[in-house]
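So the structure is just underneath, and the comments pick up after that.
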Amino acid sequence: MRVAFCSSEVVPFAKTGGLADVSGALPPAVAELGAEVKLFMPLYDSIPVDDYGFIYAQDLHQMPVPVAGREQPVNVFYGHLPDSEVEVYLIDCPHYYHRGSIYTDDADESERFILLQHAAFRIMQRYAWSPDVIHCNDWQSALMPAMLRTVYDWDDLFKPTATVLSIHNIGYQGLFAPSAIDKAGLSRAAWYQGGPMEMHGAFSFLKTGISYSDIVSTVSETYAHEIQTPEFGAGLDSALRARGGDLYGILNGIDPAVWNPATDPHLAANYDVESLGDKAKNKKALLADFGLPYDPKVPVLGIVSRMAEQKGFDLLQPILEPLLREHAVQLVVLGSGQPNLENFFNWAATTFPRQVGVYVGYNDALAHRIEAGADFFLMPSHYEPCGLNQMYSLAYGTIPIVHRTGGLADTVHDWHEMGGQGNGFSFYDPSPFALMTTIVRALAIFKDKKAWRAMQRRGMETDFSWGKSAARYMDLYWRAVHKHRGE
Ligand code: ADP
Ligand code: GLC
């Protein structure tokens, strides 16, 4: 099974969110199962190629790649994902990728990812490498199925090639003016109202991917159902219902090499299920990081998140003040994004200096320290395709409090609903009231040390490793291949 995997962000090279964790962990996991994987991504200015042992691909020097009606020369750096056989091709084009961030609001944003996709095709052609499957991820690589069936249709190299599109977040669709269709080298014939490429009078990368790929997948079973409804489909529900027979949900795994409290190098003290007592050392260190007082009896709530509407912090806003005034509880927050949310948390830290600590920004080490040091992890997301942080929390013996949606519904089982056998706390109604009562329920169980320890153990003993999910992706790849070949 030869797999071309295309993604706009990949751990450890570049990351804004969970897509990067998945793109860094799934390819090695399918490689372990025998797949030969080539991974394609942009060379952003933030990636130190030398540190990762990449070499300049001399044979691809100044390779021309079509974009916006011209041939753009690009260079390629070649290497591997750390400790794996997965080959990585970094597309070097300073004109597009030296922008100081992975994503931009620049006028040529569509061209940046059109280039990525054509570059992947051109590299495969140069090496005469014929993939069985192209695995696209989110809108940034969702045009490849359409390109394959039109622009590259003449090339026999790709005759056997099937396509899988994974949707990691339907809230981001890659909507551009129809001129982007020309920039991609696609035909406007398929762009008409209600057609396979059109959305709100614009050209949608994601809808085009949904329409043209052999198989569509998303990152949890619940989300696979949800996105077929108007409430969660973000305008693409009918397009997804039309593909219902080819739509699958596969829960993400977590990478135990990166997220494991027994070996995590960022922690003040490593621990496992047998030495859970040592988790307290991490709580102490975390509170010290933030200059907050430590009291083992006072539970700490943790948040690590993009500050986006999706994440549901509007539910926390009206209740945080009463929560902090009426309950002995502390809150530690790491995140960045929307200024109104950053300001809200900064306000809380100023108003409750002994209870709230906030770090606005991106900080990988601190993300690990919060997972280990907090007692609870808060994720009131309005929607959550999979969510990785609640799984990291479970693995770290930190109890998740979540809105019951998407992957959160598939991984967090409410303590009361499960008759004391759950691994966390969840609520159905996305309201501040429901969040408040759920937090209060959780705080009560924190006092019951026996129930608490048992709940921590259940989380830590759950197998969230990639093995099972990778096997399901392999099945999906074969399904796509058989479908494409008409078998
Ligand atoms: P999403 O992809 O929607 O952001 P996930 O829960 O799938 O949500 O993944 C988020 C990932 O990004 C996690 O690995 C989390 O630790 C990380 N992350 C989010 N915000 C930050 C931040 N400010 N600093 C460090 N890591 C962060
Ligand atoms: C997205 C989703 C998140 C998911 C991640 C990886 O960013 O918001 O829920 O875990 O992709 O699939």
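Straight run, no breaks: the sequence shown in this note's numbering ends on number 470. Ideal Cβ positions, reconstructed from N, Cα and C, are used throughout, including at glycine. Fair warning: this is a prediction, and the values are worked out from it, not measured in the lab.
Cα-Cα separation between residue i and residue j, rounded to whole angstroms
{"i": "Asn323", "j": "Tyr366", "result": "20 Å"}
{"i": "Leu16", "j": "Gln156", "result": "31 Å"}
{"i": "Val116", "j": "Ala3", "result": "20 Å"}
{"i": "His389", "j": "Ile210", "result": "Residue 389 is actually Gly in this sequence, not His. Each residue's Cα considered, the two are about 9 Å apart."}
{"i": "Arg53", "j": "Pro239", "result": "44 Å"}
{"i": "Met362", "j": "Val316", "result": "12 Å"}
{"i": "Gly340", "j": "Gly320", "result": "17 Å"}
{"i": "Trp461", "j": "Pro114", "result": "12 Å"}
{"i": "Gly356", "j": "Lys(-2)", "result": "23 Å"}
{"i": "Gly405", "j": "Ala434", "result": "10 Å"}
{"i": "Pro279", "j": "Pro413", "result": "31 Å"}
{"i": "Tyr342", "j": "Asp358", "result": "18 Å"}
{"i": "Arg109", "j": "Gly228", "result": "35 Å"}
{"i": "Gly385", "j": "Tyr375", "result": "Going by the sequence as given, residue 385 is Val instead of Gly. Roughly 13 Å separates the two Cα atoms."}
{"i": "Ala225", "j": "Trp112", "result": "32 Å"}
Beta-carbon proximity check, residue i vs residue j, cutoff 7 Å
{"i": "Tyr254", "j": "Asp261", "result": "yes"}
{"i": "Val20", "j": "Asn235", "result": "no"}
{"i": "Tyr86", "j": "Pro25", "result": "no"}
{"i": "Gly7", "j": "Val(-14)", "result": "no"}
{"i": "Leu126", "j": "Ala172", "result": "no"}
{"i": "Phe(-12)", "j": "His118", "result": "yes"}
{"i": "Ile164", "j": "Phe141", "result": "no"}
{"i": "Asp88", "j": "Glu204", "result": "no"}
{"i": "Tyr456", "j": "Val32", "result": "no"}
{"i": "Ala252", "j": "Lys264", "result": "yes"}
{"i": "Thr231", "j": "Ser200", "result": "Correcting the residue type first, residue 231 is Tyr in the shown sequence and not Thr. Yes, the pair counts as a contact, with Cβ atoms nearer than the cut-off."}
Beta strand (DSSP E) segment containing residue i, residue limits
{"i": "Arg(-15)", "result": "-15 to -11"}
{"i": "Leu73", "result": "70 to 75"}
{"i": "Pro49", "result": "46 to 50"}
{"i": "Pro25", "result": "19 to 25"}
{"i": "Arg224", "result": "Unbroken run through Arg224 is the alpha helix (DSSP H), 220 to 225; no beta strand (DSSP E)."}
{"i": "Ser319", "result": "313 to 320"}
{"i": "His208", "result": "That residue, His208, is in no beta strand (DSSP E); its alpha helix (DSSP H) goes 204 to 209."}
is_contact[residue i, chain D] using C-beta, thresh 7 Å
{"i": "Ser6", "result": "Within the model displayed, chain D is absent; a lone protein chain is all it includes."}
Bridge partner(s) assigned by DSSP for residue i
{"i": "Lys262", "result": "Answer is none; Lys262 lacks a bridge partner."}
{"i": "Ser409", "result": "Val385"}
{"i": "Arg455", "result": "Note: Arg455 sits in no beta bridge, so no partner."}
{"i": "Tyr61", "result": "Ile38, Tyr72"}
{"i": "Asn120", "result": "Ser149"}
{"i": "Glu181", "result": "Phe186"}
Nearest candidate by alpha-carbon position, reference residue i, set the options
{"i": "Pro(-5)", "options": "Asp34, Lys294, Ala18", "result": "Asp34"}
{"i": "Phe408", "options": "Ser414, Leu426, Pro415", "result": "Leu426"}
{"i": "Ile198", "options": "Ala12, Leu284, Leu223, Val343", "result": "Leu223"}
{"i": "Pro282", "options": "Ser288, His467, Leu270", "result": "Leu270"}
{"i": "Phe188", "options": "Leu230, Arg95, Asp136, Lys267", "result": "Arg95"}
{"i": "Gly178", "options": "Ser194, Ala163, Pro77, Leu169", "result": "Ser194"}
{"i": "Cys76", "options": "Pro49, Val464, Leu64", "result": "Pro49"}
{"i": "Ile237", "options": "Leu9, Tyr411, Asp91, Gly442", "result": "Leu9"}
{"i": "Gly424", "options": "His310, Val57, Trp174, Arg468", "result": "At residue 424 the sequence reads Arg, which differs from the Gly that was named. It is His310."}
{"i": "Arg337", "options": "Phe327, Leu377, Leu391, Val312", "result": "Val312"}
{"i": "His151", "options": "Arg352, Ala350, Asp297, Ser(-9)", "result": "Ser(-9)"}
{"i": "Phe159", "options": "Trp174, Ser93, Gln55, Asn120", "result": "Ser93"}
Residue range of the alpha helix (DSSP H) that includes residue i
{"i": "Lys142", "result": "Lys142 -> no alpha helix (DSSP H), and no H or E assigned at all."}
{"i": "Ile164", "result": "162 to 166"}
{"i": "Tyr345", "result": "No alpha helix (DSSP H) contains Tyr345, which DSSP labels as neither H nor E."}
{"i": "Ala378", "result": "372 to 378"}
{"i": "Thr394", "result": "389 to 394"}
{"i": "Ser200", "result": "Counting along the chain, Ser200 falls outside any alpha helix (DSSP H), though it belongs to the beta strand (DSSP E) covering 198 to 201."}
{"i": "Gly7", "result": "1 to 15"}
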